[in-house]
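Colleague: Taken in order, the sequence shown gives residues 6 to 362; the numbers are from the numbering used here.
We put the CB at the ideal spot given by N, CA and C, even for glycine.
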Amino acid sequence: MAKEMREPIETGCPDPFQYMHPVMRRNFGLWAYHTHPRPGVLLHVAKNGDQVWTIRVGTQRILDVFTLRKLCDIGDTYGEGYVHFTIRSNIEYMVTDEAKVQPLIDAIEKEGFIVGGTQNSVTMISHTQGWLHCDIPGTDASGVVKSMMDELIDEFREANMPNRVHLTTSCCQINCGGQGDIAINVQHTKPPKINHDLVANVCERPTVVARCPVAAIRPAMVNGKPSLEVDEKKCICCGACFPPCPPMQINDAEHTKLAIWVGGNHSNARGKPTFQKLVAAGIPNNPPRWPEATAIVKRILKAYKEGARDWERINEWIERIGWPRFFEEVELPFTKYHIDNWRGSRKSLNSSTYIRF
Ligand code: SF4
Ligand code: SF4
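(1) Based on Cα-Cα distance, which residue from Ile96, Pro21, Pro248, Leu283 lies nearest to Thr64?
(2) Flag this pair as touching only if the segment 98–106 and the segment 53–61 have three or more C-beta atom pairs under 8 Å; answer yes or no.
(3) Say the cut is 7 Å; is the CB of Ala188 nearer than that to a heavy atom of ligand 1?
(4) Kindly indicate which three-state DSSP category Trp322 falls into: helix, strand or coil?
(5) Quick check on DSSP: helix, strand or coil for Pro44?
(6) Assuming Lys105 and Gly84 form a contact by the criterion Cβ under 8 Å, report the distance between their Cβ atoms to the nearest whole angstrom.
(7) Is any heavy atom in ligand 1 found nearer than 7 Å to the beta carbon of Asn168?
(8) Can you list, in chain order, the residues of its chain whose CB lies under 7 Å from that of Pro382, leaving out five sequence neighbours each side?
(9) Using only the alpha-carbon positions, how far apart do Gly269 and Lys151 sit?
(10) What do you reckon, are the CB atoms on Pro197 and Met253 nearer than 8 Å?
(11) Check each candidate in Thr40, Asn180, Phe90, Arg43 and name the one with the smallest Cα separation from Met25.
(12) Please find out if some non-hydrogen atom of ligand 3 comes closer than 7 Å to the beta-carbon of Cys208.
(13) Return the bridge partner residues of Thr261 from the DSSP annotation.
(14) Just checking Cys217 against ligand 2 - is the residue's beta carbon closer than 7 Å to any of the ligand's heavy atoms?
(15) For His271, count neighbouring Cβ atoms within 10 angstroms of its own Cβ and tell me buried if that reaches 16, exposed if not.
(16) Let me confirm a value: Asn125 is counted as buried when at least 16 other C-beta atoms fall within 10 Å, else exposed. Which label applies?
(17) From what residue to what residue does the alpha helix (DSSP H) around Arg330 run?
(18) Quick one: measure Cβ to Cβ for Ala264 and Asn190, integer angstroms, because I've assumed they're closer than 8 Å.
(19) Buried or exposed: Phe87, going by 16 or more other Cβ atoms within 10 Å of its Cβ?
(20) My output table needs one value for Tyr5: the three-state DSSP class, helix, strand or coil.
(21) Just the C-alpha distance for Arg361 and Gln178, rounded to the nearest angstrom, thanks.
(22) Starting from the Cα of Gly276, find the closest Cα among Ile67, His343, Val62, Glu321 and give me that residue.
(23) Comparing C-alpha positions only, which one of Gln134, Gly80, Cys139, Leu137 sits nearest to Asp111?
(24) From Ser131, Cys77, Glu9, Cys176, pick the residue whose C-alpha is nearest to that of Asn291; which is it?
(25) Rounded to whole angstroms, how far is the Cβ of Arg162 from the Cβ of Pro42, which I believe are closer than 8 Å?
(26) Which residues mark the beginning and the end of the beta strand (DSSP E) in which Glu234 is found?
(27) Nearest chain D C-beta to Pro338 closer than 8 Å, yes or no?
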């Protein structure tokens, strides 16, 4: 048994070429063009005439083994035995014969999965782990995604947006969440509550002090025990002290909220990458369906769909119409909290792909 096991690879992911569809492997870097024959389907044509149809299907990202087997069985029976996951948790099937496309789509839809997410659609929301397997989330990113995608599913299925829309969620304020055209992120509104009895046993205090971006944490003796204290006037409620020191609890049923940011764009195809900007704060973190956050996202998407020109991403649309008009269109109040007055941001936040030293 032990002899049959593959040697562990110490770093990095396995070589992806071994898992690629052979036609894709053969034509790596040799594609002539690609088209979008229908929502959810891409056609890539190589310089030598080879063709590959890719069928994209939404998944919930955190997949149980039975669903994964079902998806793979569809690929074995109706596809050509190769699948690929996108970074937004869509599964893609590749076939080299156009006649296989419709039967594959029929089989996928019969099992209740949705084909879509290509080109100018709202593709799957990228999300972080949430309550399932991270130790610091203030909300359940997977749950937010499920509730929102249930209501946005027609925008996933059809390609009716002015350009592609990338939504992201993040279940703490500081770690693995992304930025996107619309981002739904956790927002803490109160400083952490410290359990002084546990700090000395659990936390490496110098590490925790060093974590705070605004130097709000100081060592302190409390009830004769070494602990920490927070200068609440300085604290920006970021939650960075909570991962290395769980007794500095910041998640709170009432004071942990959601915030919505718009206009983040990593691409530098036609302009510089842009940072997302806050447009709605203090939204209730309201499981299991998060209706308040979903309603705002839908308003933003509706205004974008109706008001943007073809090919404009959300950041480009807002830049053209201006922020005052954006706030009017999406019926959100503009408050003093929307103004970024952190003076350090100009130097430390890169706003182009050029590296600065
Ligand atoms: S965003 Fe934060 S809480 Fe959510 S999975 Fe990442 S590290 Fe954990
Ligand atoms: S929440 Fe952030 S700003 Fe506040 S004390 Fe912790 S690390 Fe510092």
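Modeller: From the atom records:
(1) Counted from its first residue, the sequence shown places residue 64 at position 59. Put simply, of Ile96, Pro21, Pro248, Leu283 the residue whose alpha carbon is nearest the alpha carbon of Thr64 is Ile96.
(2) Taking 8 Å as the limit for Cβ pairs, the verdict is that the segment 53–61 does touch the segment 98–106.
(3) In the sequence shown, counting from the first residue as 1, residue 188 sits at position 183. For ligand 1, not one heavy atom lies less than 7 Å from the Cβ of Ala188.
(4) For the purposes of this step, residue 322 is taken as the residue at position 317 of the sequence shown. Trp322 carries a helical assignment under DSSP once its states are collapsed to helix, strand and coil.
(5) Mapped onto the sequence shown, residue 44 falls at position 39. The answer is coil: DSSP assigns Pro44 none of H, G, I, E or B.
(6) Here the question's residue 105 lines up with position 100 in the sequence shown. Here the question's residue 84 lines up with position 79 in the sequence shown. Yes, Lys105 and Gly84 are in contact; Cβ-Cβ is about 7 Å, under 8 Å.
(7) Along the sequence shown, read from residue 1 onward, the residue named residue 168 stands at position 163. Relative to ligand 1, the beta carbon of Asn168 is positioned no closer than 7 Å to any heavy atom.
(8) Since the displayed the chain opens at 6 and closes at 362, residue 382 lies outside it and no answer follows.
(9) The count along the sequence shown starts at 1 and reaches residue 269 at position 264. The count along the sequence shown starts at 1 and reaches residue 151 at position 146. Taking the straight line from one Cα to the other gives about 22 Å.
(10) Taking the sequence shown and counting its residues from 1, one reaches residue 197 at position 192. Taking the sequence shown and counting its residues from 1, one reaches residue 253 at position 248. Against a cut-off of 8 Å, the Cβ pair of Met253 and Pro197 comes out as a contact.
(11) The residue you call residue 25 lines up with position 20 of the sequence shown. Scanning Thr40, Asn180, Phe90, Arg43 for the CA closest to the CA of Met25 turns up Phe90.
(12) Although ligand 3 was asked about, the structure shown includes only ligand 1 and ligand 2 as ligands.
(13) Sequence index remark: in the sequence shown, residue 261 carries index 256 (1-based). In the DSSP assignment, Thr261 forms a beta bridge with His193.
(14) Looking up residue 217 in the sequence shown gives position 212. It does: the Cβ of Cys217 is within 7 Å (strictly closer) of some heavy atom of ligand 2.
(15) Here residue 271 refers to the residue found at position 266 of the sequence shown. His271 is classed as exposed because its beta carbon has fewer than 16 other beta carbons within 10 Å across all chains shown.
(16) Here residue 125 refers to the residue found at position 120 of the sequence shown. Buried, by the Cβ-count rule.
(17) The residue given as residue 330 occupies position 325 in the sequence shown. Start and end: 328–334.
(18) Start at 1 with the first residue of the sequence shown, and residue 264 comes out as number 259. Start at 1 with the first residue of the sequence shown, and residue 190 comes out as number 185. The pair is a contact, with the Cβ atoms about 5 Å apart (cut-off 8 Å).
(19) Here residue 87 refers to the residue found at position 82 of the sequence shown. Reading the sequence as shown, one finds Tyr at residue 87 and not Phe. Tyr87 is buried by the Cβ-count criterion.
(20) Because the chain in this structure spans residues 6 to 362, residue 5 falls outside the shown range and cannot be described.
(21) For the purposes of this step, residue 361 is taken as the residue at position 356 of the sequence shown. For the purposes of this step, residue 178 is taken as the residue at position 173 of the sequence shown. Here Arg361 scores only 45 on pLDDT, less than 50, and its place in the model is too uncertain to base an answer on.
(22) By one-based count along the sequence shown, residue 276 stands at place 271. In terms of Cα proximity to Gly276, the closest of Ile67, His343, Val62, Glu321 is Glu321.
(23) Residue numbering aside, residue 111 sits at position 106 when the sequence shown is read from its first letter. Nearest C-alpha to Asp111 among Gln134, Gly80, Cys139, Leu137: Gly80.
(24) Here residue 291 corresponds to residue number 286 of the sequence shown, with the count starting at 1. Cys176 is the residue among Ser131, Cys77, Glu9, Cys176 whose C-alpha sits nearest the C-alpha of Asn291.
(25) Working through the sequence shown from its first residue, we reach residue 162 at position 157. Working through the sequence shown from its first residue, we reach residue 42 at position 37. Their Cβ separation, rounded to whole angstroms, is 15 Å, which puts Arg162 and Pro42 out of contact at 8 Å.
(26) Residue numbering aside, residue 234 sits at position 229 when the sequence shown is read from its first letter. Residues 230–235.
(27) No chain D is part of this structure, which consists of one protein chain only.
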